[in-house]
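Protein chains in written order, with our numbering: chain A, -5 to 319; chain B, 19 to 306; chain C, 23 to 356.
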């Protein structure tokens, strides 16, 4: 997957994020390990409440004040992120790591035109301020906007969701970061536009050779784009592996449930497959494996202790069913 | 009240208690309230008790704020006066809030001509500086405490009307209000059950600040002699007194001014604290 | 999946116009969000309306419920034209037409508990005696798959899926004839979506109501709906049974939409929508349509009958259909 002297772009070990509220705290990310190789697209899949968005925000120091993040390892391209003060981190974050959010229009400064945003990026990249128009137009054309001069003059509130997302991708293209974290970038878009934006992501990745962390709840979208997929449940990764293998032979019952649901919708099932039950209450989690209350294959030891990651790399599963295989 | 609701209010109270502005404001306001009710009653002197042996004496242990030209204890008069000022202001603001909110909500919900008329009327009232308007109203209505309340009400009601209207316009578009319409909930119930509870917070903050404003208006009007009429003492009346012999006995005017400032400070801080509470992001800060 | 052929609601030439519209390219126009739409909702069926954002599908649904005032056309319910009634005149009809909204959280008053939200319709319409209300609320909670413990919770304490269940329960309390679901599952996770869709399917088959299901997700439409209408920038471009729409689509836009379903196909050749805003005159789709001819831009094509209950708004549908019986591009592996 990566070259011989590869350093991973992002290395995370035992990431934990805790939110402090009235009368207590909740651990929303519970010991997460992730490695993203150079140029790789890693999908992070989970439902609302799984902690997937918080994971991305934790890596980028974008959480509110009442959150506490801790980790054993948090390295970007060999640099220990925890050593950086806020200013240095901000330089790094704006320049070498980009984040694409769910609400594209919200990522813009509402008082500034599109051209101002692109100019900022180009300037940050060290481009001469005077010569910003060429690269800006080129970036917009690269994402399929044929008359950039007009779009450059628009204000963010005049943009539709799909258009805004395109422009954001153009901005990321212009920035040329090493790592892109995209959090549900197509969730608010409808089918046709989503298709186009996903195509753009593919193009983005092949042009930039950037590493990608693609956070989503939609398995099928992740399956299309990502080289590897990590499935998250209740704050931890429960299965991780190459996309094809994970879809062909999912091992964790939760992953199996997710795939079955997505497939039943795409197929012509008479009744959609559901995953019974609800997400656990992280303020009062069940003992043992957090998925055990919903698991069809639950065994006694699942309730007694939490499973570690079993199986041999690259396909690993946090489930006792896989132990020893 | 269900246990869940109680818990909800409990959390609000907890957030309130860790907010220094709110706490200080509440403390000062409470102090003022207690002082002018209980405190006034506990004073050894009555507000009209004249001790002709002791005219215009400076502050001392017997008369903490000194005495005035009739030999009356200034502190006692200030405490009773504060009560009068507060009542007059609160009454005026209560009317302004009730009428302004009702009109503002209705005109926003119905829209159309009624809305335009109300807003232009409010604009008209806004065009005048409040004190000038209040003064004019006193001339028209006649002097006296009750009319001061009316003047305060008329001067301040456009603020409530506009605030209520703007908030209603926002909330009206929310899906839950549409759901209520789909259920054929009568418009009056929609305004009272769906909209009002969800716009109450800024209105309450506005009322708190309004009372402070009302005290200033009352004090000014009474100071000029067109507001509360002697012998009833309000803070403005006492200040009018004190001005006459300011050279000889500055403490009357000064201490009354201090009292007004305290009350205003308390109310404004309290209002600010309440406003902080309503903002969910600031509330998070308090949860650290 | 056969549906009764009586119509419950009939929209005739319905138009909803807004002053000043907005398109993705930033140009503003005075435009018709819904333009001359005619369709029926039959008793006991699930009718899907699919289209992209900006197609007017949500506006159509809200106009039907009279949350918007139509600028033209009729809404016939039991032979009464709802479009012309005042708010007061509408009141007796309200309980028959209910809605489930896209964002579950904002469709509930944040200051009321689940119990209060569910008991409101019961009290407003005197459906049962006041002392029976708690029992009815519990029954409704059970019907939508929630335990009685939910009754005292506030909306922000529930997950999206749970709230949407309450929303469905609330709508069903009045035993409506028509339930409008406006992107009711779009904001939910895929697995929760399955639960809600199954719930809708169950409830609809046991009770006698119709559903008007607005969605941009074709898979969801295929799963739930008996018939599907396709909208494009305010116009109804195709209407037919689900099997026909997916098996033999007639309108070029429908084909393009279906082309997005199978990720291995390049999809029908479709000009980029960013480059081509809808034509102001003539067929709205002409600026993107690979089969457009000059006469397409002259006047809007009317809805033409293409078979039993199947309607298409395209001048060339006949020649396109016979010219190439294209292999089905939309089958996905089960």
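Cβ atoms here follow ideal geometry from the backbone N, Cα and C, with glycine treated the same way.
Considering only beta carbons, the part of the segment 219 to 241 of chain C lying closer than 7 Å to chain A consists of 219, 220, 238, 239, 240, 241, in chain order. Secondary structure of residue 260 of chain C (DSSP, three-state): strand.
The C-alpha of residue 307 of chain A is placed about 56 Å away from the C-alpha of residue 65 of chain C. Counting along the chain, the unbroken beta strand (DSSP E) around residue 252 of chain C starts and ends at 249 to 254. Residue 208 of chain A: member of the beta strand (DSSP E) spanning 205 to 210, first to last residue.
With a cut-off of 8 Å on Cβ pairs, the segment 121 to 133 of chain C is in contact with the segment 165 to 178 of chain C, counting three or more such pairs.
For the 7 Å CB-CB criterion, residue 188 of chain C and residue 225 of chain C do not form a contact.
The three-state secondary structure of residue 53 of chain C, taken from DSSP, is strand. In this structure, DSSP gives residue 271 of chain C a state outside helix and strand, which the three-state scheme calls coil. Taking 7 Å as the CB threshold, residue 130 of chain C lines the interface with chain B. Chain-ordered, the chain A residues with CB closer than 7 Å to the CB of residue 211 of chain C read 41, 42, 211.
For residue 120 of chain C, none of the residues of chain A pass the 9 Å Cβ criterion, the least Cβ distance being about 23 Å. Here DSSP, grouped into helix, strand and coil, assigns residue 111 of chain A to helix. For residue 235 of chain C, there is no enclosing alpha helix (DSSP H); the residue is found in the beta strand (DSSP E) stretching over 232 to 237. Restricted to the segment 22 to 52 of chain B, the alpha helix (DSSP H) segments that are unbroken, complete and at least 4 residues in length are 38 to 52, listed in chain order. Boundaries around residue 176 of chain B are those of the alpha helix (DSSP H), 163 to 190, since no beta strand (DSSP E) includes it. Beta-bridge analysis with DSSP links residue 188 of chain A to no other residue. A buried status is given to residue 335 of chain C, since no fewer than 16 other beta-carbon atoms sit within 10 Å of its beta-carbon. Take residue 246 of chain C, set aside five residues on each side of it, and the residues of its chain with a beta-carbon closer than 8 Å to its own are 68, 70, 219, 222, 223, 233, 235, in chain order.
For residue 75 of chain C, a Cβ of chain A is located within less than 7 Å of the residue's own Cβ.
In chain C, no part has a C-beta under 7 Å from the C-beta of residue 73 of chain A; the shortest such distance is about 35 Å. Between the alpha carbons of residue 149 of chain A and residue 158 of chain A lies a gap of roughly 10 Å. Residue-level contact check: residue 80 of chain B does not touch chain C, since none of the beta carbons of chain C fall below 7 Å from its beta carbon. In the DSSP secondary-structure assignment, residue 201 of chain C is bridged to C/120, C/233.
The alpha-carbon of residue 315 of chain C is positioned some 47 Å away from that of residue 40 of chain A.
Within chain B, the residues 201, 202, 203 have their CB atoms less than 7 Å from the CB of residue 146 of chain C, given in chain order. Less than 7 Å divides the Cβ of residue 256 of chain C from the Cβ of residue 57 of chain C. Residue contact check for residue 178 of chain B against chain C: no CB pair falls below 7 Å. Scanning chain C for C-beta atoms nearer than 8 Å to the C-beta of residue 215 of chain B yields 131, 133, reported in chain order.
When A/110, A/197, A/162 are compared, the shortest CA-CA separation from residue 101 of chain A is found for A/162. In the three-state reduction of the DSSP assignment, residue 286 of chain B falls in the helix class. Listed along the chain, the chain C residues whose CB falls inside 9 Å of the CB of residue 29 of chain A amount to none; the nearest CB is some 26 Å away.
Secondary structure note for residue 239 of chain A: its alpha helix (DSSP H) is the uninterrupted segment 237 to 242.
For residue 20 of chain A, the secondary structure class from DSSP, reduced to helix, strand or coil, is strand. The Cβ atoms of residue 171 of chain A and residue 270 of chain A lie no closer than 7 Å to each other. Leaving aside the five residues that flank residue 37 of chain B on each side, the residues in its chain whose CB is nearer than 7 Å to its CB run, in chain order, 291, 294, 295, 304.
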